[in-house]
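For reference, the structure discussed in these notes is given below.
Residue numbers (the working numbering), protein chains in the order written: chain A, 86 to 411; chain R, 123 to 449; chain S, 13 to 512.
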């Protein structure tokens with residue numbers, strides 16, 4: 086067999102870069118630790134870091150599937166907020182408990198996502214417009230429902246008092262890792278993932294292989310929205326309060342995951358996507374934790390950095406792109 | 123130029139008739155309150171910034187790009203302009219705003235062309251980042267615009283003159299320069315323009331700059347109307363401009379169907395729609411849902427019509443009789 | 013009947029005016045390697061894609077094992093045990109080579125939703141072993157594989173369908189010497205089992221050696237089907253290109269005729285993997301033809317000269333102005349122009365009107381101070397162009413996509429020729445154009461040449477190059493092999509000999 090040594094040389098090069106990335110990450114963390122006066126990696130802060138990584142990671146995995154064929158749908162935020170509010174409603178206020186919390190959220194997230202996908206795929210409305218428009222609609226639906234709930238006079242946010250065990254650290258950390266495992270299994274071992282990547286790379290090749298593009302996209306959206314829903318459940322279990330949004334405020338929860346997925350995309354050649362998302366979720370968490378520890382206020386400079394980081398990650402991830410970009 | 127014949131163009135008629143429909147509908151529903159002098163004044167005041175900013179955004183949209191940073195850009199440039207006006211001189215109001223808008227546009231254009239990041243992503247991120255900057259600079263306070271400037275800018279003659287001047291300039295650039303032709307052509311087929319040897323990157327950057335500048339100018343008018351700048355000024359402004367353009371039939375992918383006059387149908391339509399709903403007592407959130415629905419319908423209809431009616435349109439296009447074409 | 017594995021009966025397919033396949037009939041015997049020869053545009057790729065289900069014929073039928081065979085998709089073809097390795101790469105880069113091999117049928121190896129990659133690997137190894145194919149590294153990402161390995165991967169993928177008939181479209185040119193030997197051994201083994209191979213290749217020596225039978229196509233028509241025992245590369249060449257050059261379609265003079273002044277000078281132009289060290293001088297009033305096989309780099313040369321290949325090295329000058337040409341802007345500024353081969357994607361704005369398409373390259377000349385572009389001036393120019401180039405349209409506001417191919421190309425070409433040009437690079441200017449318009453286009457090119465225009469004519473059609481050029485540069489294997497003169501041995505045979 087010829088080229089055995091070529092093959093080895095190539096994979097050695099790849100290995101080198103992979104090692105360098107990990108070392109780089111490690112060094113970065115050390116630097117962060119140092120500039121925060123040795124506070125970043127203290128045990129009690131690490132639990133903070135983990136807790137902040139979980140929801141964005143779930144959203145990132147969700148995006149990996151939902152955006153997999155190139156449909157950038159920004160209604161995910163409003164979608165998950167709506168779904169989780171209904172989940173809390175059924176769990177806490179209707180007494181359905183954990184079942185209500187988890188089941189309702191998942192079902193609603195899947196349905197709402199499917200609607201947006203229908204608009205983008207069937208009606209061929211550009212995905213970003215469909216996403217923004219549905220975000221407006223989903224936000225409104227939630228606000229209208231909350232407004233009409235008899236027991237909510239005065240406030241408009243639902244509280245999850247009981248059934249919050251998923252928001253405790255061991256569960257959060259465990260679910261974080263579990264989401265990674267599940268995402269990895271799905272990514273590496275399912276026909277859905279293979280077909281989705283084919284559709285996302287080249288629709289013509291996909292069709293020539295006999296792959297049904299629409300079906301793949303819809304199925305992937307279902308899987309993705311399950312991740313989004315579970316993430317929302319974990320998050321609400323932690324925070325205890327569900328806030329509705331308006332005026333496209335729901336988009337802001339998508340920014341960290343956006344940065345995460347962009348980062349993961351840029352190293353996708355060396356670090357497989359699920360692992361990339363996992364590591365990025367922790368890294369982004371650290372970045373914002375550093376900002377907090379250094380006294381940068383939430384709501385002002387932190388938001389600024391949020392926007393800036395998404396742009397930077399976007400630059401990194403698109404660097405080799407030669408196609409026409411609008 | 124021989125006289126232009128009236129174009130019986132479905133693509134003009136449709137949004138126009140929807141506008142008429144909306145006006146009639148809400149006049150009935152509000153029992154005439156829609157058309158009261160006070161309300162008309164309101165509508166006019168709200169439409170003007172939309173039109174001004176729309177005159178800039180149409181450049182970006184006609185290329186097929188997106189610029190949804192306007193809300194925060196307005197707040198930022200307005201804020202900085204007001205601060206300069208109060209601390210230094212009122213004459214700095216417009217120049218500072220224009221500078222900020224131009225800087226923002228340059229940044230977006232640069233990152234989009236050199237680094238190939240989709241404009242949607244960049245401007246969405248900037249929306250957040252710039253709003254954060256506004257919070258940093260202004261905090262929870264309100265910065266008042268100097269009274270003299272405020273009175274001047276709010277006066278009808280000033281507004282009228284400003285709109286006319288801007289309209290003339292923008293119409294010129296959009297319809298009577300080769301830059302305008304290039305911008306729309308990029309929306310049609312970017313490769314065709316590149317292969318014609320035109321510097322596509324330069325054109326794109328300049329389009330974003332215009333968009334930024336016009337947004338900032340619109341911002342000054344908004345600030346003058348409101349009285350000052352606070353950190354939630356002009357939230358969702360970009361949505362409103364986008365809708366004004368899409369609802370009147372400007373295609374999302376841009377191209378040569380992006381016409382300026384559509385803005386003058388779309389902006390009043392959106393404003394009247396919202397004004398009408400407010401007067402009817404429709405809640406804020408329902409208005410938002412209506413916006414979403416309108417957006418989807420507008421985009422879908424525009425595409426549907428351009429797919430199915432372009433041939434008819436061509437047949438109806440009557441050439442000036444002097445210029446015959448060899449058969 | 014038992015001897016015939018596959019038959020094609022009166023298959024026809026047209027794309028607009030272009031008749032890609034005209035009533036083609038042939039039979040593939042069992043255990044046979046059947047070669048398909050023809051130049052670019054002869055219709056062999058179209059025929060192959062019809063056989064494997066990528067396209068449907070306009071008329072005609074196909075039979076496999078005596079039964080009617082009508083695949084609507086490549087997947088259906090696979091189910092009928094017909095597979096193809098296509099010419100353009102069809103590999104999904106982010107997936108592993110293993111998954112690429114089974115893409116579309118991975119569900120077969122799934123248990124409880126998860127695909128058993130190990131089972132797939134076993135299957136893959138079986139295929140490699142069974143047919144003696146080099147084992148492609150199955151892990152990692154397919155985009156890491158060399159072009160050669162990707163080709164082998166695609167061959168392996170075709171074999172997973174367990175085909176009786178396999179079509180290999182230009183597969184050997186990507187392969188090194190020993191990989192080709194592996195390929196030939198595989199073909200031997202394959203056919204020894206009564207299965208058949210349709211082989212498309214430009215390497216005529218290879219064809220004569222490996223194939224049992226050869227069918228030659230020319231201009232969409234099947235010229236002949238003969239056993240290779242009766243053939244040699246020269247005979248095949250003659251069948252491929254032997255045609256009458258129609259009357260005064262082209263030029264009638266037999267001698268090169270151009271001015272001394274050099275307009276464009278190229279030195280060692282190189283684009284990695286596309287072409288290397290191309291040097292030439294283009295004179296005023298000269299038509300320099302450029303010919304070569306589809307992968308020889310002739311089309312990339314055009315876009316590289318225009319300045320669209322970022323990795324181009326070498327020197328390119330516009331001599332009269334002394335400017336180096338590095339970007340499209342340089343070309344335009346030195347009064348040059350470039351027409352890409354793909355006029356729909358790179359030339360015209362199809363949804364826009366004729367008016368806008370013609371105006372686009374001319375805007376810079378028509379615009380006055382402050383970039384002012386007068387619509388009436390544009391209209392005048394457009395009407396002038398439409399009239400003088402006899403473009404057939406209802407009015408200038410007609411959408412360009414509704415024009416015939418010939419008229420589209422007229423729009424594409426005329427808008428440049430109306431400018432005051434020093435030189436122009438044309439890539440396949442009469443592709444997809446009917447005879448009448450072809451003649452017209454040749455006429456206006458000749459007129460422009462007489463007025464001093466320097467033309468670089470890149471084309472897949474040898475007759476066109478021979479009919480129009482003063483000199484022809486022939487490329488092979490990414491390099492310039494020779495430059496022929498009109499007054500010398502200027503025949504299809506000569507070019508084919510050099511090119512193939």
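Ideal Cβ positions, reconstructed from N, Cα and C, are used throughout, including at glycine.
A quick note: this is a predicted structure, and the numbers were derived from the prediction, not measured.
In the structure shown, the three-state DSSP call for residue 232/A is helix. Per the C-alpha coordinates, the member of 212/A, 277/A, 177/A and 205/A positioned closest to residue 121/S is 277/A. Residue burial is scored here from C-beta neighbours: residue 371/A has at least 16 other C-beta atoms within 10 angstroms and is therefore classed as buried.
Per DSSP, the unbroken alpha helix (DSSP H) holding residue 253/R starts and ends at 241-260. Legend: CB atoms of the region 117-130 of chain S lying less than 7 Å from CB atoms of chain A belong to residues 118, 119, 122, 125, 126, 127 and 129. Using a 10 angstroms sphere on the CB of residue 154/R, the tally of other CB atoms stays under 16, which defines it as exposed.
Each residue's CA atom was taken as its position, placing residue 163/A and residue 218/A some 10 Å apart. With a cutoff of 8 Å on beta-carbon distance, residue 326/R and residue 231/R are scored as near each other.
In the three-state DSSP reduction, residue 144/R falls in the helix class (H, G or I).
The beta carbon of residue 348/A lies closer than 8 Å to those of 361, 365, 368, 369, 398, 401 and 402 in the same chain, with the five residues before and after it left out.
Residue 24/S carries a strand assignment under DSSP once its states are collapsed to helix, strand and coil. Ranking 305/S, 252/S, 414/S and 345/S by CA distance to the CA of residue 429/R puts 414/S first. Beta-bridge annotation (DSSP): residue 311/S is not paired with any residue. Where residue 190/S is concerned, the enclosing alpha helix (DSSP H) starts and stops at 189-204. The C-beta distance from residue 225/S to residue 44/S rounds to 6 Å, short enough to fall under 8 Å.
For residue 435/S, the enclosing beta strand (DSSP E) starts and ends at 435-439.
For the 8 Å CB-CB criterion, residue 411/S and residue 303/R do not form a contact. Across the set 223/R, 214/R and 259/R, the C-alpha of 223/R shows the shortest separation from the C-alpha of residue 193/R. DSSP, read as helix, strand or coil, puts residue 125/S in coil.
The beta carbon of residue 181/R does not come within 8 Å of any beta carbon belonging to chain A, so the residue lies off that interface. Within the region 307-319 of chain R, the residues whose Cβ lies closer than 8 Å to any Cβ of chain S are, in chain order, 307, 310, 311, 313, 314, 315, 316, 317, 318 and 319. Between residue 375/R and residue 309/R, the CB-CB gap stays under 8 Å. Beta-bridge pairing by DSSP links residue 326/A to 244/A.
Residues of chain R with a Cβ closer than 9 Å to the Cβ of residue 363/S are, in chain order, 310, 311, 377, 378, 379, 428 and 432. The beta carbon of residue 137/R does not come within 8 Å of any beta carbon belonging to chain A, so the residue lies off that interface.
Taking the CA atoms as reference points, residue 302/S sits about 34 Å from residue 154/S. The three-state reading of DSSP puts residue 445/S in coil, since its state is none of H, G, I, E or B. Counting only runs that start and end inside the region 76-140 of chain S, the alpha helix (DSSP H) elements of at least 4 residues fall at 86-91 and 109-114. Around the C-beta of residue 137/S, fewer than 16 other C-beta atoms lie within 10 Å, and the residue is accordingly described as exposed. Here residue 118/S is actually not in contact with residue 156/A; their C-beta atoms are around 23 Å apart, not less than 8 Å. Residue pairing by DSSP leaves residue 422/R without any beta bridge partner. Non-local beta-carbon contacts of residue 355/R in its own chain, meaning distances under 6 Å to residues more than five positions away in sequence, involve 197 in chain order. In this model, residue 182/R and residue 324/R are separated by some 13 Å (Cα to Cα). Cβ atoms of residue 508/S and residue 249/S come within 8 Å of each other, at about 5 Å. In this structure residue 362/R touches residue 392/R by the C-beta definition: roughly 6 Å separates them, less than 8 Å. DSSP, read as helix, strand or coil, puts residue 223/S in coil.
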